[in-house]
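*Asks:* Sequential numbering from 62 applies to the sequence shown in the working numbering.
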Amino acid sequence: MCSVNTDSLQEMIPITTEIFPGTSATCRKCGGTPVEVVLRKTDPYCRACFLTYVTHKFRSCIGKHKLVPVGAEVLVCTSGGLASSALLHLVHEGVTLTSLKKLRVQPAFLHVDERCASAFSRQGENAEQSSSSSFAGDAEYACRAVVQLGYPCYYTTLEAILSPVPIAPLLYKRGSSVEVLHQQSTSAVLQRHLQQLLTDCSSSTARESVVRVLLQRSLAVSCSRLGYTRLFAGHSATQVAVTILSDVAEGRGAHTAQHVNFRHVDSDSGVEVFRPLREVLEDELLHYLTINDIPYTRQKHTVRQPLWSIPCLLL
Ligand SMILES: [Zn+2]
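(1) When the Cβ atoms of the stretch 243 to 251 are set against those of the stretch 259 to 274, are three or more pairs found closer than 8 Å?
(2) Identify, in the order they occur along the chain, each residue of the same chain with its Cβ nearer than 7 Å to the Cβ of I305, setting aside the five sequence neighbours on each side.
(3) Cα-Cα, which of P227, A200 and Q209 is closest to Y216?
(4) Return the CA-CA distance between K234 and S179, expressed in angstroms with no decimal places.
(5) If you check the beta carbons only, do T139 and V207 fall under 7 Å apart?
(6) Please work out which residues of its chain come closer than 6 Å, Cβ to Cβ, to R32, disregarding the five sequence neighbours upstream and downstream, and give them in chain order.
(7) Residues in the same chain with beta-carbon distance under 7 Å from R89, minus the five sequence neighbours each way, listed in chain order, please.
(8) Rounded to a whole number of angstroms, what is the C-alpha to C-alpha distance between T84 and G295?
(9) Just to confirm before moving on: does the CB-CB distance between T299 and G142 stay below 7 Å?
(10) Please classify R183 as buried or exposed, where buried requires at least 16 other C-beta atoms within 10 Å of its C-beta.
(11) The alpha helix (DSSP H) spanning C122 covers which residue range?
(12) Kindly examine ligand 1 and report whether one of its heavy atoms sits closer than 6 Å to the Cβ of K90.
(13) When we look at the beta-carbon of V241 and count the other beta-carbons within 10 Å, is it buried (16 or more) or exposed?
(14) Thinking S279 and V173 are a contact (beta carbons under 8 Å), I'd like their distance in whole angstroms, please.
(15) By how many angstroms is the C-alpha of H243 removed from the C-alpha of Q319?
(16) Using a 10 Å radius around the Cβ and a threshold of 16 neighbouring Cβ atoms, would you call C284 buried or exposed?
(17) Would C122 pass as a contact of E340 if the rule is Cβ separation under 7 Å?
(18) Tell me whether A294 sits in a helix, a strand or coil according to DSSP, three-state version.
(19) What residue ranges within the stretch 233 to 272 form continuous alpha helix (DSSP H) runs of no fewer than 4 residues, ordered along the chain?
(20) May I have the straight-line CA-CA distance separating L112 from R176, to the nearest angstrom?
(21) I'd like to check one pair, L275 with L219: are the Cβ atoms closer than 7 Å?
(22) Please identify the residue among A169, L171, E154 and F170 whose C-alpha is closest to the C-alpha of K163.
(23) What I want to know is whether the C-beta of G93 ends up closer than 6 Å to one or more non-hydrogen atoms of ligand 1.
(24) Pull up the distance between the alpha-carbon of L251 and that of H348, whole angstroms please.
(25) Within a Cβ cutoff of 6 Å, which residues of the same chain sit near F119, ignoring the five residues on either side of it in sequence?
And the structure:
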C-alpha cells in the first residue's frame, strides 16, 4: 500500500537565479571570491572550499562507517578514468598527510584491462582494431600514473577471469610495457569467449551488465589472489544511480543493495568491497580533476553507441 502523504508533497520550484562562475557571487562557505565551481546551479564555491567539500565527502564516507581498520592493506581499483583518477589522487592526498587526518591505509592498485570488451561492437572487427591501440594507451597511462606516485600497481585483463587455469595479476614496474603484460594475461581463445558472451546479449544494457559482473568478479578474484582482503572501488554517486536503474530495468532489483552499498562482501572470495566515492557526483569529480589539473582517460565513453543503454543515457 502506498504510504505517500499527498498533503505533505511540495511543488518543485524551478531555479530562476542560476549562478555562473566568474560573476559577482561569493562562496557559500567562506564568503570569499573568486567563485570557481557552482554546484546544482545555485551553490557557489571558491577553490579551497570546494576541495575541502569533496575531500570531506570522501573521508567521511570511510570514517562514519568505521569498517576500514587503521593500517589496513587495501587494493584500489584504477582504470585511468574520471572516478579512478580522482580516487587515486584522494587516496594519495590522504595517505601523504602529516596531520591527524592522515588516511591510515596501505594502498596498492589494480588495473583490469577492458580493451577486449570495450572495443566490442556489433559492426564487426574494424571498430575493434581501430580502438585497440587507444585502449592500450589508456592502460599504460593508468598504470604509469600509479607507479609515478610510488605505489605498486598490478595488471590483468577482463577475459582472464574466464580462463579455466588461474591467471594471476602481474606487477607493472616503472619502465615496463603494458603490451608485454597484456600478452601474458590473455589469449585469442579467451578473447573469442568474451566476445561471444557479449554477442549473445540481447541489448546494450544487458551487455553493459555482463561486463560489469565480469569486472566485479575479476576485481574480487584478483584481490584474493594477490593476498588482499579489502578492495576500494571507484563508484561515484552517478554510477550508483546507473546501477540502480539498470538492475531494476533488468528485473534484478533484489540484488541492487550489494552493488551500491558502501561495503559488501564478495560471497565467493570473501573480499570486502568498499565504495568510498559513492556520495560524490561525477560532475563534482570532474570539477575536482579540473581544479587540480589531473588528466584522465575517457575510454569508457568512446565506444558506447549514444543512447543505447541506461549507462549511456546517464554518464
Ligand atoms: Zn570559500
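Ideal Cβ placement from N, Cα and C applies to all residues, glycine included. Predicted model, so just to flag it, every value in this text is computed and none were measured.
*Replies:* For this structure:
(1) Cβ pair count under 8 Å is below three, so no.
(2) On the sequence shown, residue 305 is found 244 positions in, with the first residue counted as 1. T317 and V321.
(3) On the sequence shown, position 155 is the one that residue 216 refers to. The residue from P227, A200 and Q209 with its alpha-carbon nearest to that of Y216 is A200.
(4) The residue you call residue 234 lines up with position 173 of the sequence shown. The residue you call residue 179 lines up with position 118 of the sequence shown. Approximately 25 Å, taken between the alpha carbons.
(5) Indexing the sequence shown from 1 puts residue 139 at position 78. Indexing the sequence shown from 1 puts residue 207 at position 146. With respect to V207, T139 sits close: the two C-beta atoms are nearer than 7 Å.
(6) With the chain running from 62 to 376 in the structure shown, residue 32 is simply not present.
(7) Sequence index remark: in the sequence shown, residue 89 carries index 28 (1-based). Within the same chain, R89 has close Cβ partners D104, P105 and Y106.
(8) Reading the sequence shown from its first residue, position 23 is the one you call residue 84. Reading the sequence shown from its first residue, position 234 is the one you call residue 295. Within the model, the alpha-carbon separation for T84 versus G295 is close to 33 Å.
(9) Along the sequence shown, read from residue 1 onward, the residue named residue 299 stands at position 238. Along the sequence shown, read from residue 1 onward, the residue named residue 142 stands at position 81. No, they are not a contact pair.
(10) Within the sequence shown, numbered from 1, the residue matching residue 183 stands at position 122. Low local confidence applies: a pLDDT of 46 at R183 is under 50, so the model's placement there is unreliable, with the coordinate-based value given in what follows. R183 comes out exposed.
(11) Numbered from its first residue, the sequence shown carries residue 122 at position 61. Start and end: R108 to H126.
(12) For the purposes of this step, residue 90 is taken as the residue at position 29 of the sequence shown. Yes, since a heavy atom of ligand 1 falls inside the 6 Å radius drawn around the Cβ of K90.
(13) The residue given as residue 241 occupies position 180 in the sequence shown. By the neighbour-count rule (16 or more Cβ atoms within 10 Å), V241 is not buried but exposed.
(14) Position 218 of the sequence shown, counted from the first residue, corresponds to residue 279. Position 112 of the sequence shown, counted from the first residue, corresponds to residue 173. Taking 8 Å as the upper bound for CB-CB distance, S279 and V173 are in contact here, some 5 Å apart.
(15) Translated into the one-based positions of the sequence shown, residue 319 becomes position 258. Translated into the one-based positions of the sequence shown, residue 243 becomes position 182. Taking the straight line from one Cα to the other gives about 31 Å.
(16) The residue labelled residue 284 in the question sits at position 223 within the sequence shown. By the Cβ neighbour-count rule, C284 is buried, with 16 or more other Cβ atoms within 10 Å of its own.
(17) Taking the sequence shown and counting its residues from 1, the one referred to as residue 122 is at position 61. Taking the sequence shown and counting its residues from 1, the one referred to as residue 340 is at position 279. In this structure, E340 lies closer than 7 Å to C122 by Cβ.
(18) For the purposes of this step, residue 294 is taken as residue 233 along the sequence shown, with counting starting at 1. Coil.
(19) Secondary structure in the stretch 233 to 272: the alpha helix (DSSP H) runs of 4 residues or longer, each lying completely within the stretch, are 239 to 246 and 249 to 260 in chain order.
(20) Position 51 of the sequence shown, counted from the start, is the residue given in the question as residue 112. Position 115 of the sequence shown, counted from the start, is the residue given in the question as residue 176. Approximately 33 Å, taken between the alpha carbons.
(21) Within the sequence shown, residue 219 is the residue found at index 158, counting from 1. Within the sequence shown, residue 275 is the residue found at index 214, counting from 1. Yes, these two residues count as a Cβ contact at 7 Å.
(22) Translated into the one-based positions of the sequence shown, residue 163 becomes position 102. Answer by Cα proximity: E154.
(23) Walking along the sequence shown from the start, residue 93 turns up at place 32. G93 Cβ: within cutoff of ligand 1.
(24) One-based indexing of the sequence shown puts residue 251 at position 190. One-based indexing of the sequence shown puts residue 348 at position 287. L251 and H348 have their C-alpha atoms spaced approximately 38 Å apart.
(25) Position 58 of the sequence shown, counting from 1, holds the residue named residue 119. Excluding sequence neighbours, F119 sits near L151 and P337.
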